[in-house]
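Encoded as C-alpha cells, the structure appears first; notes follow it.
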Amino acid sequence: MAGMTISKLSKMKASRDKIVSVTAYDASFAKLFAQCGIDFMLVGDSLGNVVQGQSSTLPVTVEQIAYHTEAVRRGAPDAFIMADMPFMSYATPEQACVEAAKLMRAGANMVKLEGGDWLLDTIRTLVERSVPVCAHLGLLPQSVNVLGGYKIQGREQSAAENTVRQALALQQAGAQMLVLECVPSSLGQLISQKLDIPVIGIGAGAQTDGQILVMHDMFGLNSDYLPKFVKNFLADADDLQSAVELYIRQVKDGSFPGPEHTFE
Ligand code: KIV
Ligand code: NA
Numbered sequence: 119m120a121g122m123t124i125s126k127l128s129k130m131k132a133s134r135d136k137i138v139s140v141t142a143y144d145a146s147f148a149k150l151f152a153q154c155g156i157d158f159m160l161v162g163d164s165l166g167n168v169v170q171g172q173s174s175t176l177p178v179t180v181e182q183i184a185y186h187t188e189a190v191r192r193g194a195p196d197a198f199i200m201a202d203m204p205f206m207s208y209a210t211p212e213q214a215c216v217e218a219a220k221l222m223r224a225g226a227n228m229v230k231l232e233g234g235d236w237l238l239d240t241i242r243t244l245v246e247r248s249v250p251v252c253a254h255l256g257l258l259p260q261s262v263n264v265l266g267g268y269k270i271q272g273r274e275q276s277a278a279e280n281t282v283r284q285a286l287a288l289q290q291a292g293a294q295m296l297v298l299e300c301v302p303s304s305l306g307q308l309i310s311q312k313l314d315i316p317v318i319g320i321g322a323g324a325q326t327d328g329q330i331l332v333m334h335d336m337f338g339l340n341s342d343y344l345p346k347f348v349k350n351f352l353a354d355a356d357d358l359q360s361a362v363e364l365y366i367r368q369v370k371d372g373s374f375p376g377p378e379h380t381f382e
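For what it's worth, our numbering labels the leading residue of the sequence shown as 119, then goes sequentially.
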C-alpha cells in the first residue's frame, strides 16, 4: 500500500479496520503483495525455516535479514517494512542499536524483537534513537529451546495475566506495535482491547487488530508440519494474486481466522 506509515496503521486500529500483513523475503513477492494492497510486510527470521531450510530461526543473522530487507524494499519502494532482529542480536541495548541500524539502513521502517520485561530498556533506547519497535509476545520461536517446543502460550490464568502485564509495559516503553503469536483467542482479544497500539495476531484468534501469516503458509507450501492457524488461500484461488487478495478480503471481513484456525 502506497505511503503506509505507523500513524496510518494506528488509525486503522482506532477505526477497527483490520490490518493485513504477510512475510516477504524477496523483491518479486514484495511487489505482488504491495500491488494486492497488503498493509505491511515483515522480513521475518522465519526465513531460516522457509528460505534456508533450517529447523529453527536461531541460525539467522542480521546480515541475512538485511540482505532480504534490501530485496523486499527494491520490490516495494512505498511499503511499510518491518524487519526481525534475529536471535542474540539484541542481547544488550547497545548491541540492539548497532544491529537495528543495519536493518534500518537496509530499508526497514521498524524492527521487531521477541520478549517481555527484559526488553523494556532496549525498547526505550531504540525508540529514543529513532528506531521504531514492534514487540512480540506469546510463542517466541527464538526461545524454542527454553520453551521445549512450538506450543500455545498463555493458557493458564497466571500466564495470561503475565502476558497482559508485559504487553502494557512494552507499550509504555515505546513499542508502537505488538505481534502476538499462538495464544488463546480470549487473550488475543483482551490484549487488543487493553492496548492503544495495533496488535497483530498469528494464531491469536480473530479479535486482534490485524493478522500476519508466513507467505509460504498462505500459499499452502508447507513441507512437514501444518500449524492449526494456517490456511492455504491458493486452494480457493486461481493464481497467486487472487490468493493474496482472498487472504486480504477474509481478514478485512472477519472470516479469517475462523474457529477452526483458533485456540480457545
Ligand atoms: O518470522 C516471522 O515470520 C514472524 C511471524 C510469524 C510473526 O515473526
Ligand atoms: Na520472527
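Even for Gly, the Cβ is constructed at its ideal location relative to N, Cα and C.
These numbers were taken from a predicted model, which means no experiment stands behind them.
For residue i, which residues of its own chain have a beta-carbon under 7 Å away from its beta-carbon, when the five flanking residues on both sides are left out?
i	result
A355	A361 and L364
L255	G234, T281, Q284, A285, L296 and L298
G79	The question about residue 79 has no answer here: the residues shown for the chain are numbered 119 through 382.
E382	P302 and S303
A145	A189, V190, R192 and G193
A353	G338
K370	K136 and V138
G306	L298, G319, A322, G323, Q325 and T326
S133	none
Q359	L150 and C154
Verify the contact flag: residue i, CB atom, against every heavy atom of the ligand KIV, threshold strictly below 7 Å.
i	result
L160	yes
I315	no
V251	no
I320	yes
E217	no
E246	no
D327	no
Let me check you understand the geometry: is the CB of residue i closer than 7 Å to at least one non-hydrogen atom of the ligand NA?
i	result
S164	yes
D157	no
T380	no
D357	no
D335	no
P259	yes
T175	yes
From which residue to which residue does the alpha helix (DSSP H) around residue i run?
i	result
L244	L238 to E246
A277	Q275 to A291
I124	I124 to A132
E378	From DSSP, E378 is part of no alpha helix (DSSP H); its letter is neither H nor E.
G193	V180 to G193
F147	A145 to C154
D166	First, the residue type needs correcting, since residue 166 is Gly and not Asp in the sequence shown. It spans L165 to V168 - the alpha helix (DSSP H) in which G166 sits, taken as one unbroken run.
A361	L358 to K370
S304	S303 to K312
Just to confirm my understanding: we take residue i, look at its own chain, exclude 5 residues before and 5 after, and list those with CB closer than 8 Å. What are they?
i	result
C215	T243, L244, R247 and V249
A287	G234, D235 and L238
Q329	K136, I137, V138, S139, I318, G319, I320, V369, F374 and P375
Excluding five sequence neighbours on each side, which residues of the same chain lie with their C-beta closer than 6 Å to the C-beta of residue i?
i	result
L231	M203, Y208 and L237
T380	S303 and G323
G130	Residue identity differs from the one stated: residue 130 is Met in this sequence, not Gly. Closer than 6 Å at Cβ, skipping near neighbours: I137.
G166	Q172, T175, P177 and V178
Q289	L313 and I315
P259	T175
Q170	none
A226	T187, I199 and A201
Y143	L165, V169 and H186
A224	A184, T187 and E188
Check for me: the beta strand (DSSP E) holding residue i runs from which residue to which?
i	result
E299	M295 to E299
S139	I137 to T141
D335	D335 -> not in any beta strand (DSSP E); alpha helix (DSSP H) instead, spanning M333 to M336.
L160	F158 to V161
G319	V317 to I320
Mind reading off the beta-carbon distance from residue i to residue j? Whole number of angstroms is fine, and I expect it under 8 Å.
i	j	result
D90	I137	This structure does not reach residue 90, given that the chain is present from 119 up to 382, and the question cannot be answered.
M333	F147	6 Å
S139	I309	Contact flag wrong, Cβ pair sits at about 17 Å.
V168	H186	11 Å between Cβ atoms; not a contact.
G321	F347	3 Å
Is residue i near the ligand SAM, with its Cβ less than 7 Å from a heavy atom?
i	result
T141	As far as ligands go, the structure on display features the ligand KIV and the ligand NA and does not contain the ligand SAM.
Query raised in the report: At which residue ranges does the stretch 202 to 269 contain complete beta strand (DSSP E) runs of 3 or more residues, listed in the order of the chain?
Result: Taken in chain order, the complete beta strand (DSSP E) segments of 3 residues or longer contained in the stretch 202 to 269 are 228 to 232 and 251 to 256.
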